[in-house]
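Engineer:
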Amino acid sequence: MRNARRVILCLGLALAASEPLATLATPAEAFAAQPQVYVVRPGDTLWGIAAHFLKNPWDWPLLWRRNPAIHNPNLIYPGDRIVLRYDAAGVPQLQVIQLRPKMTVSPIPSYHTGVMLPFLGSPGLIAKRSDYERLPYIAAADDSDTIFSNGNRLYVKQLGNLAPGTLLRVVRAGPQLVRPSDRKPLGHALIDLGTAKVLHDGALAEIEITNAREEITLGDRLVPETPVPEPHFFPSSPAHPIQGHIVGSLSNFPEMMVGQVVVVDQGSDAGLVPGNVLQIDGPESVTRDAVTGEHLTLPGRDVGSLMLFRVLPEVSFAVITVAKRGIRVGDALRSPPPEAPKVLGIAP
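Residues -32 to -1, 1 to 316 in mature numbering (1 follows the signal peptide of the UniProt record, and there is no 0) are what the sequence shown spells out, letter by letter.
1) Using a Cβ-Cβ cut-off of 8 Å (strictly less than) and excluding sequence neighbours within five positions of S117, which residues of its own chain qualify?
2) Please work out which residues of its chain come closer than 7 Å, Cβ to Cβ, to D249, disregarding the five sequence neighbours upstream and downstream, and give them in chain order.
3) In whole angstroms, what is the alpha-carbon distance linking A207 and Y45?
4) With distances taken between CB atoms, is the gap from I210 to L240 smaller than 9 Å?
5) Out of V279, M224, T265, point me to the one whose CA is closest to V297's CA.
6) Using only the alpha-carbon positions, how far apart do A131 and A171 sit?
7) Would you mind sorting L246 into buried or exposed? The rule is 16 or more other CB atoms within 10 Å of its CB.
8) Report the start-end ranges of each beta strand (DSSP E) in the region 115 to 195 that is 3 residues or longer and not cut off at the edges.
9) Determine the extent of the alpha helix (DSSP H) in which D99 is found, giving its start and end residues.
10) Leaving aside the five residues before and after G11 along the sequence, list all residues of the same chain whose C-beta is less than 7 Å from its C-beta, in chain order.
11) In this structure, does DSSP put H20 in helix, strand or coil?
12) Once DSSP output is grouped into helix, strand and coil, what is the label at A238?
13) Can you give the Cα-Cα distance for A291 and V146, rounded to whole angstroms?
14) For P305 and S205, what's the separation of their Cα atoms in angstroms?
15) Considering only the beta carbon of each residue, do P25 and P203 sit closer than 9 Å?
16) Is there contact between the region 134 to 143 and the region 161 to 170, where contact requires at least three CB pairs shorter than 8 Å?
17) My guess is that E252 and T265 are in contact by the Cβ rule of under 8 Å, so how many angstroms apart are they, rounded?
18) Output needed for D237: all residues of its chain with C-beta closer than 7 Å, excluding positions within five of it in sequence on either side, in chain order.
19) Tell me whether the beta-carbon of P192 lies closer than 9 Å to the beta-carbon of T114.
20) For I288 and V230, I'd like the C-alpha separation in whole angstroms.
21) Give the DSSP-derived three-state secondary structure of F(-2) in the structure shown.
22) Spatial neighbours of K125 within its chain, please: CB distance less than 8 Å, with the 5 preceding and 5 following residues excluded, ordered by chain position.
23) Return the chain-ordered list of same chain residues with a C-beta closer than 7 Å to the C-beta of H168, the five sequence neighbours on each side being excluded.
24) Would you mind working out which of Y123, Q144, D233 sits nearest R189, comparing C-alpha positions?
25) Comparing alpha-carbon positions, which option in P148, I50, S273 lies nearest V8?
26) Given a cut-off of 9 Å, decide if S217 and Q228 are closer than it, judged by their beta-carbon atoms.
27) Over what stretch of residues does the beta strand (DSSP E) that includes A258 continue unbroken?
28) Please list, in chain order, all residues of the same chain as S219 whose beta carbon is under 6 Å from its beta carbon, the five residues on each side excluded.
29) In three-state terms, what does DSSP make of L280?
30) According to the Cβ coordinates, are A286 and V232 closer than 9 Å?
31) Leaving out five residues on either side along the sequence, give the residues of the same chain with a beta carbon under 8 Å from the beta carbon of T255.
32) Classify A110: buried if its beta carbon has 16 or more other beta carbons within 10 angstroms, exposed otherwise.
33) If contacts are defined as beta-carbon pairs under 8 Å, then R293 and G92 qualify, I think. What distance do you get, rounded to the angstrom?
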């Protein structure tokens, strides 16, 4: 529940045009296509709002940098109206007109929560295969089935004493993650398969699968479910230049597209925080000079971008936000190129 208030965000910024998660329009096209007033709707995300107003959504923090009175600019609610206008001096201003008193709603999330939440409520990473093998595991079922889903009851060993009703995550270890730059092992990503609840504890405990997101099989492991708040952060550029790689995928597909989760080989030790956006570059390619025949190395091209939503010391989980082609494990990452922030083209 919140009291109505008005916040003016003064922007000393140049204006240009963009479409959210899509190709850039010309200023004239953007002015014709985009309203000067945007009403936040249920289902919106902070990424989408930032992309609505900015060519580069990661420039959004600059919209409030000169406004110390704004205590939490990441909380925007359905029903809020965001208005872009100019003052008498031609300086653009973004005005957020918030809800009427006594309306109770939840703020909009950073990105689609169904994508991120499964990777926020579990450890996400385990250092060694031997650590994984010590986790509680699904040992048996009443019948001969080998693939399980919602409602199936299964038997678990090494669970310990947990009260009936305790919620667990069903996980499976992915391949060993390795940082390409120094070949340092980074552990194994834990692929979240779904949730289960304890029915009975003991040496041979019984669980029931409550939400299977992928096929669950004998031998899959269990970890405690950790309640997590819905993430609320606008996209941002890293505080200093970053270089890294995509080292893991949380899917079985060789190429990933928008909305899929990947593992990045840099984390908080490198200064990254949730919300940071990195540009994805394809690999270098080798060809021959058409005249001399000598070998030429062509630089990798910009093929998309991703946003970090969970940052651990040495790795991060990220969601792909732009994909100009299929994104692959091994693609290089770097900080977005610096340029003047560009807001939607609404003529002064």
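The beta carbon of each residue, even a glycine, is placed where N, CA and C say it ideally should be.
Structural biologist: Let me lay it out:
1) I177, A180, E183, I184, listed in sequence order.
2) So the qualifying residues of the chain are G268, R269, D270, V271, D299, A300, R302.
3) So the alpha carbons of these two residues sit roughly 27 Å apart.
4) At a Cβ-Cβ threshold of 9 Å, I210 and L240 count as neighbours.
5) Ranking V279, M224, T265 by Cα distance to V297 puts M224 first.
6) When rounded, the distance between both Cα atoms is 14 Å.
7) L246 comes out buried.
8) Runs of the beta strand (DSSP E) inside the region 115 to 195: 121 to 125, 135 to 147, 152 to 168, 173 to 180, 189 to 192.
9) Counting along the chain, D99 sits inside the alpha helix (DSSP H) bounded by residues 97 to 101.
10) Taken in chain order, the list of residues that qualify is empty.
11) Of the three classes helix, strand and coil, the one that applies to H20 here is helix, per DSSP.
12) A238 falls in the helix class under three-state DSSP.
13) Taken atom to atom, the span from the alpha-carbon of A291 to that of V146 is near 23 Å.
14) Near 9 Å, if we compare the C-alpha coordinates of S205 and P305.
15) At a Cβ-Cβ threshold of 9 Å, P25 and P203 count as neighbours.
16) Contact between the region 134 to 143 and the region 161 to 170 is present, with at least three C-beta pairs closer than 8 Å.
17) Sure, about 5 Å apart at Cβ, within 8 Å.
18) So the list reads P281, E282, once near-sequence residues are dropped.
19) P192 is not a Cβ neighbour of T114, given a cutoff of 9 Å.
20) Their Cα atoms are separated by approximately 8 Å.
21) Bear in mind that the predicted position of F(-2) carries a pLDDT of just 35, short of 50, making it too unreliable to give a figure here.
22) Around K125, the same chain offers P104, Y105, A107, A171, L172, A173 as residues with beta carbons nearer than 8 Å, after the five sequence neighbours per side are excluded.
23) In chain order, P132, E174 place their CB closer than 7 Å to the CB of H168, counting only its own chain and leaving out the 5 sequence neighbours on each side.
24) Nearest C-alpha to R189: Y123.
25) Distance from the Cα of V8 is smallest, within the candidate group P148, I50, S273, for I50.
26) Yes, the pair counts as a contact, with Cβ atoms nearer than the cut-off.
27) Membership of A258 in any beta strand (DSSP E) is not indicated, and neither H nor E is assigned to it by DSSP.
28) Taken in chain order, the residues that qualify are Q228.
29) If DSSP states are grouped into helix, strand and coil, L280 belongs with coil.
30) Here A286 is near V232, since their CB atoms are less than 9 Å apart.
31) Within the same chain, T255 has close Cβ partners H263, L264, L266.
32) Reading the sequence as shown, one finds Asp at residue 110 and not Ala. Under this definition D110 is an exposed residue.
33) Here R293 is actually not in contact with G92; their C-beta atoms are around 27 Å apart, not less than 8 Å.
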